[in-house]
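Mapping to our numbering: the sequence shown position 180 is 181, numbers consecutive. Here's the structure we're looking at; comments come further down.
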Amino acid sequence: MMFDLVIKNGEIVTAEATYRADIGIRGEQIAAIGQNLTGRQEIDATGKLVTPGAVDVHVHLEMPIGNFVSADDFFTGTRAAAIGGTTTIIDFVETGPNETMVQALAARRAKADPKVVIDYGLHMTIGPDDIARLDQVPAAYEAGCASFKLYMAYGLRLRDGELLQALEAVRDVGGLPVVHAENWDIITTLIARNLAAGRVDPCWHPRSRPAAMEGEAAGRVIDIAALVGVPLYIFHVSCGEVVDRIAAARLRGQPVYGETCPQYLFLSDELYDRPGVSGAYPVCAPPLRTPAQQERLWEALSRQTLQVVSTDHCPFTTADKASGLGNFSRIPGGVPSIEMRFPALYAYGVCGGWFSANRWVDMCCTTPARLFGLTRKGHIAAGYDADLVLFDPQARRRLSAETLHENIDWTLYDGLEVTGWPDTVLSRGEVIVSGGELTARPGRGRFIARRLPAG
Ligand code: DUC
Ligand code: ZN
Numbered sequence: 002m003m004f005d006l007v008i009k010n011g012e013i014v015t016a017e018a019t020y021r022a023d024i025g026i027r028g029e030q031i032a033a034i035g036q037n038l039t040g041r042q043e044i045d046a047t048g049k050l051v052t053p054g055a056v057d058v059h060v061h062l063e064m065p066i067g068n069f070v071s072a073d074d075f076f077t078g079t080r081a082a083a084i085g086g087t088t089t090i091i092d093f094v095e096t097g098p099n100e101t102m103v104q105a106l107a108a109r110r111a112k113a114d115p116k117v118v119i120d121y122g123l124h125m126t127i128g129p130d131d132i133a134r135l136d137q138v139p140a141a142y143e144a145g146c147a148s149f150k151l152y153m154a155y156g157l158r159l160r161d162g163e164l165l166q167a168l169e170a171v172r173d174v175g176g177l178p179v180v181h182a183e184n185w186d187i188i189t190t191l192i193a194r195n196l197a198a199g200r201v202d203p204c205w206h207p208r209s210r211p212a213a214m215e216g217e218a219a220g221r222v223i224d225i226a227a228l229v230g231v232p233l234y235i236f237h238v239s240c241g242e243v244v245d246r247i248a249a250a251r252l253r254g255q256p257v258y259g260e261t262c263p264q265y266l267f268l269s270d271e272l273y274d275r276p277g278v279s280g281a282y283p284v285c286a287p288p289l290r291t292p293a294q295q296e297r298l299w300e301a302l303s304r305q306t307l308q309v310v311s312t313d314h315c316p317f318t319t320a321d322k323a324s325g326l327g328n329f330s331r332i333p334g335g336v337p338s339i340e341m342r343f344p345a346l347y348a349y350g351v352c353g354g355w356f357s358a359n360r361w362v363d364m365c366c367t368t369p370a371r372l373f374g375l376t377r378k379g380h381i382a383a384g385y386d387a388d389l390v391l392f393d394p395q396a397r398r399r400l401s402a403e404t405l406h407e408n409i410d411w412t413l414y415d416g417l418e419v420t421g422w423p424d425t426v427l428s429r430g431e432v433i434v435s436g437g438e439l440t441a442r443p444g445r446g447r448f449i450a451r452r453l454p455a456g
């Protein structure tokens with residue numbers, strides 16, 4: 002039987018198993034896995050690991066925040082993602098004044114569709130103004146936003162009663178709430194106190210956002226979700242205080258999931274002491290924590306208390322970051338890692354002895370796809386989209402702003418050595434990265450309307 006394309010002789014790595022076989026692709030999907038398959042086109046993957054395309058469920062491309070817009074647009078951001086082995090992302094929609102959720106979704110799609118090189122989904126944000134129009138949640142769900150973002154910080158912050166109502170509305174449609182958990186009252190009080198005392202430098206950013214209060218906020222929303230009876234996914238866990246809350250909830254049988262991001266695994270808070278704009282680059286929320294906290298996160302991934310690694314990719318230009326020097330609270334928050342996530346987790350997670358290659362695939366591909374209703378992504382089996390990474394475990398890269406493909410002139414990972422890098426990346430059967438370079442055209446990616454399995 003002749004396939005359109007066969008990936009030959011690779012070592013297939015899924016969340017469950019590692020084995021040598023060929024992958025036969027017909028059209029956009031995996032049609033068969035077996036020995037000695039033949040295709041009209043064949044790619045030799047000898048010496049490569051063949052993994053599912055990675056899934057990053059937390060990115061902010063061309064995201065407006067106040068007077069700023071994040072620096073990667075839907076083209077440059079998805080290009081960098083693809084080169085790093087990520088073939089599906091989930092970004093966000095926010096409603097504007099007098100705009101319905103479905104209208105906001107259409108507007109966001111109009112921005113993304115002509116530019117994306119990989120497939121994407123969108124989380125619908127429920128802000129304070131949306132509480133009066135929660136009757137729109139079913140339409141947003143029907144339109145493909147199966148997950149809903151709730152903020153406990155920033156201008157979009159929901160108070161506890163609003164959180165309750167939003168969680169009920171998401172529960173009623175069978176959606177998944179995703180939460181930014183920090184205690185905004187404490188943060189705004191500490192920021193005001195520090196600024197009033199002349200403590201304006203970036204090193205006061207982490208001191209205004211204590212880990213204990215991230216833990217408190219996570220614990221609070223976990224308790225509200227238990228009361229409502231809805232699953233919960235906690236974004237960007239930066240500290241052991243949140244890990245402990247998630248572990249305790251899961252032990253009680255509550256469906257609570259947590260992700261962390263490369264910045265919390267690889268970087269720590271002494272970066273805020275760097276002079277000038279260098280100290281502003283790492284400003285993100287939650288902030289970078291201590292090396293001891295990093296260790297807690299690696300441990301949590303290895304024990305499966307945290308289930309996913311995503312990025313919260315949200316870079317700002319040097320000029321944008323510099324504009325907040327003199328008042329750390331005005332530095333736009335967000336850092337890049339969309340390209341390095343998947344290979345860096347292999348280099349330091351797998352090769353570093355924290356977890357197996359199967360767990361690496363699980364936390365970067367399979368579990369995020371499953372939790373977020375990406376039913377054809379994140380796994381290698383017949384019937385799944387042929388989203389595949391031919392990963393060269395011997396390739397070495399020294400990360401720098403010049404070698405990464407993100408649309409900024411800085412990276413916090415400058416000089417980080419990684420062993421293992423994607424050589425070839427396929428999305429729905431099309432080679433979109435070859436020899437580490439993009440070969441795909443903007444606009445080929447598709448919006449994925451997501452639903453979640455009942456129960
Ligand atoms: N945190 C950031 O640092 N940036 C974007 C949004 C967020 O929650
Ligand atoms: Zn985010």
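Ideal Cβ positions, reconstructed from N, Cα and C, are used throughout, including at glycine. Please read all numbers here as calculations on a predicted model, not as lab measurements.
Asked                                                                                                                                                                              : Found
Taking Q259 as the reference, give the member of V310, Y152, D224 with the closest Cα.                                                                                             : Correcting the residue identity first, residue 259 is Gly in this sequence and not Gln. With distances taken between Cα atoms, G259 lies closest to V310.
When every heavy atom of the ligand ZN is checked, does at least one fall within less than 6 Å of the C-beta of D313?                                                              : yes
Quick check on the DSSP output: the alpha helix (DSSP H) that includes S148 runs from which residue to which?                                                                      : Note, S148: premise wrong, no alpha helix (DSSP H); beta strand (DSSP E) at 148 to 152.
So L50 and G25 are in contact, right, with Cβ under 8 Å, and what is the actual spacing, rounded?                                                                                  : About 18 Å; that fails the 8 Å criterion.
Can you tell me whether K459 is helix, strand or coil according to DSSP?                                                                                                           : What the structure shows of the chain is the stretch from 2 to 456, and residue 459 is not part of that stretch, so it cannot be assessed.
In chain order, what residues of the same chain lie with their CB nearer than 6 Å to the CB of W205, ignoring the 5 residues before and after it?                                  : N195, F329
Would you grab the beta carbon distance between V390 and G78 for me? Rounded to a whole angstrom, and I think it's under 8 Å.                                                      : Rounded, the Cβ-Cβ distance is 18 Å, inconsistent with contact.
Just to check, is the beta-carbon of C365 closer than 6 Å to a non-hydrogen atom of the ligand DUC?                                                                                : no
For a test of your reading of the model: does the CB of C285 fall under 6 Å from any non-hydrogen atom of the ligand DUC? Yes or no.                                               : yes
So, C315 versus H61, is the Cβ gap smaller than 7 Å?                                                                                                                               : yes
Among G176, G220, F76, L157, which has the Cα closest to the Cα of G145?                                                                                                           : G176
Counting contacts by CB-CB distance shorter than 7 Å, is A387 in contact with chain C?                                                                                             : Protein chains in the displayed structure number just one, and chain C is not present.
Could you give the distance in angstroms between the alpha-carbon of Q295 and the alpha-carbon of D270?                                                                            : 10 Å
Can you give the beta carbon distance from D5 to Q42, rounded, assuming they're within the 8 Å contact cut?                                                                        : 7 Å
Can you tell me whether M125 is buried or exposed? The criterion is at least 16 other CB atoms within 10 Å of its CB, across all chains shown.                                     : buried
Report the partner residues of K9 according to the DSSP bridge assignment.                                                                                                         : D45
To the nearest whole angstrom, what separates the beta carbons of E407 and E340, a pair I think is in contact under 8 Å?                                                           : 6 Å
Could you give the DSSP three-state label for P139: helix, strand or coil?                                                                                                         : helix
Do you know whose CA, among L159, P139, S148, lies nearest I132's CA?                                                                                                              : L159
According to DSSP, is Y265 helix, strand or coil?                                                                                                                                  : helix
Shorter than 6 Å, the distance from the beta carbon of G11 to the closest heavy atom of the ligand DUC, or not?                                                                    : no
Tell me which same chain residues have a C-beta within less than 8 Å of the C-beta of D415, skipping the five on either side of it?                                                : L400, S401, A402
Nearest to R110 by CA position, among D92, P98, N99, P283, is which residue?                                                                                                       : D92
Does W422 come out as helix, strand or coil in the three-state DSSP assignment?                                                                                                    : strand
Give the secondary structure of D313 by DSSP, where H, G and I count as helix, E and B as strand, and everything else as coil.                                                     : coil
Verify whether the separation of the beta carbon atoms of A219 and V244 is less than 7 Å.                                                                                          : no
Might you give, ordered along the chain, the residues of its own chain that have their beta carbon closer than 7 Å to the beta carbon of P139, omitting 5 neighbours on each side? : V174
Look up T319 in the DSSP assignment and say whether it is helix, strand or coil.                                                                                                   : helix
Give me, in chain order, the residues of the same chain whose beta-carbon lies closer than 6 Å to that of V7; leave out the 5 immediate sequence neighbours on both sides.         : D23, G25, L38, G40, E43
Quick one, which of G446, R253, F392 has its alpha-carbon nearest A46's?                                                                                                           : F392
I need the DSSP call for G122, collapsed to helix, strand or coil.                                                                                                                 : strand
Rounded to a whole number of angstroms, what is the C-alpha to C-alpha distance between P454 and L375?                                                                             : 11 Å
Let me know the beta strand (DSSP E) ranges lying completely inside the segment 216 to 289, each 3 residues or longer, listed in chain order.                                      : 233 to 235, 257 to 261
Check the C-beta distance from P344 over to G86 and give it rounded, since I have them as a contact under 8 Å.                                                                     : 7 Å
Among residues of its own chain, excluding the 5 on either side of P333, which ones have a beta-carbon nearer than 6 Å to its beta-carbon?                                         : I66, F69, F317, D321
Does S330 come out as helix, strand or coil in the three-state DSSP assignment?                                                                                                    : helix
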